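To start, the structure itself, in structure tokens.
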Amino acid sequence: MSQKIAFITGGNRGLGFQTALDLKDAGVKVVIGSRDLAQGEKAVEKLRAAGVDADVLQFDITKPADFQTAYDYFNSKYGRLDILVNNAGIAAGVFPGTGPEHSATQVPADLLHKVFETNFFAPIGLTSALLPLLKKSPAGRIVNLSSILGSLNLHADPNSPIYHAKSFAYDASKTALNAYTIHLAYELRDTKIKVNSAHPGWVKTDMGGDQAPIELSEGGKTSAALATLPDDGPTGGYFHLGKPLPW
Ligand SMILES: NC(=O)c1ccc[n+]([C@@H]2O[C@H](COP(=O)([O-])OP(=O)(O)OC[C@H]3O[C@@H](n4cnc5c(N)ncnc54)[C@H](OP(=O)(O)O)[C@@H]3O)[C@@H](O)[C@H]2O)c1
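Each residue of the sequence shown is one higher than the last, beginning at 240 in the working numbering.
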């Protein structure tokens, strides 16, 4: 039981892929979720070449049938799950952006629903489905990929660095995800499972864009650290590189 089993959604590219790489030295078997199996297989080849013990599961977080598929996969192969990184996510337009898709008054309703479906409802559905397996772990860890853009305190503060970086659908979906982190951690407070929200930094990925100041190789650190927290580590928090962020 020494090797930990992790599931990272959206692990075929970007921060999910980097987090899988960063778990290499922690004795973790990493299963990446990829909605395109061929892309996932290519990513697994790269991970294995880098020394990561990796597999791929075809997985679309917006398809509830895939929650059961994931449960069956981990239950039949391992009988438990140690780490769930709810990483898959979508933006509402390009960052940084000022178009109507970022506006609270003009965001198309279907876009608002789509962003909440992927970034909020889907991780909750998946986590609920996998919770019985996480409860079987001696040290279950759930990492919800939030963003500093989910911080209400910082968005409300005219002096904060994100005051003008407003993208309503995305930001609100991450604020809601943060609420889930707090509520889930509360409900699991008497278990061995720790639940935290991660802000990876503004990272050069397809979502983060070329202007992002942080290289991808640095961007997985917060997720990897929260995925491997020691037993005396925090739960119900919101962190970037070990430092708490204001909700
Ligand atoms: N980059 C940043 O600066 C930054 C900052 C703060 C927070 N974040 C958060 O970090 C997470 C990863 O972001 P990223 O920058 O790595 O984004 P990315 O490069 O756009 O990658 C997103 C990943 O999510 C997957 N995904 C999207 N919709 C999915 C679905 N319905 N089912 C399964 N997988 C799906 C994508 O799969 P496909 O390849 O199939 O599209 C891809 O693997 C997101 O939750 C994001 O909000 C990023």
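Glycine included, each C-beta is placed from N, C-alpha and C at the ideal position.
Because the structure is a prediction, the values reported are computed rather than measured.
Pairwise C-alpha distance: residue 399 and residue 466: Rounded to whole angstroms, the gap between the alpha carbons of residue 466 and residue 399 is 28 Å.
Secondary structure of residue 273, DSSP reduced to three states: Three-state DSSP puts residue 273 in a strand.
Let's see if you can read the secondary structure: which residues bound the alpha helix (DSSP H) around residue 349? Where residue 349 is concerned, the enclosing alpha helix (DSSP H) stretches over 348-355.
Taking 7 Å as the cut-off, is the CB of residue 486 close to at least one heavy atom of ligand 2? Questions concerning ligand 2 fall outside what the structure shown contains, since the ligands it does hold are ligand 1.
Would you call the segment 332-352 and the segment 281-295 touching, i.e. three or more CB-CB distances under 8 Å? When Cβ pairs closer than 8 Å are counted between the two stretches, the segment 332-352 is seen not to touch the segment 281-295, the count staying below three.
Regarding residue 297 and ligand 1, is the C-beta to nearest heavy atom distance less than 7 Å? Because no heavy atom of ligand 1 lies under 7 Å away, the Cβ of residue 297 does not count as near it: no.
Using a Cβ-Cβ cutoff of less than 6 Å, which residues in the same chain neighbour residue 294 once the five nearest sequence positions on both sides are dropped? Excluding residues within five positions, the ones whose Cβ falls inside 6 Å are 270.
Within the continuous beta strand (DSSP E) that includes residue 361, where are the two ends? Here residue 361 belongs to no beta strand (DSSP E); instead the alpha helix (DSSP H) covers 361-373.
How many whole angstroms separate the CB atoms of residue 305 and residue 244, which I take to be in contact at a CB cut-off of 8 Å? At roughly 18 Å, the Cβ-Cβ gap does not stay under 8 Å, so residue 305 and residue 244 are not in contact.
Is any non-hydrogen atom of ligand 1 found closer than 7 Å to the C-beta of residue 400, if you look at the structure I gave you? It does not: the Cβ of residue 400 is nowhere closer than 7 Å to a heavy atom of ligand 1.
Could you check what DSSP says for residue 466 in three-state terms: helix, strand or coil? Under the three-state reduction of DSSP output, residue 466 falls in the helix class.
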